[in-house]
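S.K.: The sequence shown maps to residues 88 to 146 in the numbering used here. Where a beta carbon is used, it is the ideal one built from N, C-alpha and C, also for glycine. All of these numbers come straight from a predicted model, not from anything done at the bench.
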Amino acid sequence: MERSRPVTGIMVLDKELNVLAEHLFEAYEVHSSDNFLVGKAGLYLSTNNMYRDDFSDEL
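1. Is it the case that the Cβ atoms of N122 and L111 are separated by a distance below 9 Å?
2. DSSP has F112 in a bridge; who is on the other side?
3. Between V117 and T95, which are expected to be in contact by the criterion C-beta below 8 Å, what is the C-beta distance as a whole number of angstroms?
4. Opposite V106 in the DSSP bridges: which residues?
5. Terminal residues of the continuous beta strand (DSSP E) containing V125?
Below is the structure:
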């Protein structure tokens with residue numbers, strides 16, 4: 088099953104589900120299915136994914 092989407096966005100909602108902020112990323116800028124986490128410092132989204140022209144799997 089293909090889980091990648093070329094365009095990904097995020098929305099920040101309050102308790103009543105009102106939209107506080109939203110952002111739409113460029114095509115393939117982030118891989119939306121599993122390269123993210125929320126921590127004390129905020130939201131982390133990895134931009135290193137196999138669909139980008141500059142992808143690298145080097146550590």
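M.R.: Let me lay it out:
1. Residue mapping note: residue 122 aligns to position 35 of the sequence shown, counting from 1. Residue mapping note: residue 111 aligns to position 24 of the sequence shown, counting from 1. The answer is no: Cβ separation not under 9 Å.
2. Along the sequence shown, read from residue 1 onward, the residue named residue 112 stands at position 25. Note: F112 sits in no beta bridge, so no partner.
3. Counted from its first residue, the sequence shown places residue 117 at position 30. Counted from its first residue, the sequence shown places residue 95 at position 8. About 5 Å separates the two Cβ atoms, so the contact holds.
4. Position 19 of the sequence shown, counted from the first residue, corresponds to residue 106. For V106, which the question treats as bridged, DSSP gives the partners L100.
5. In the sequence shown, the residue the question calls residue 125 occupies position 38. Here the beta strand (DSSP E) through V125 covers 123-126.
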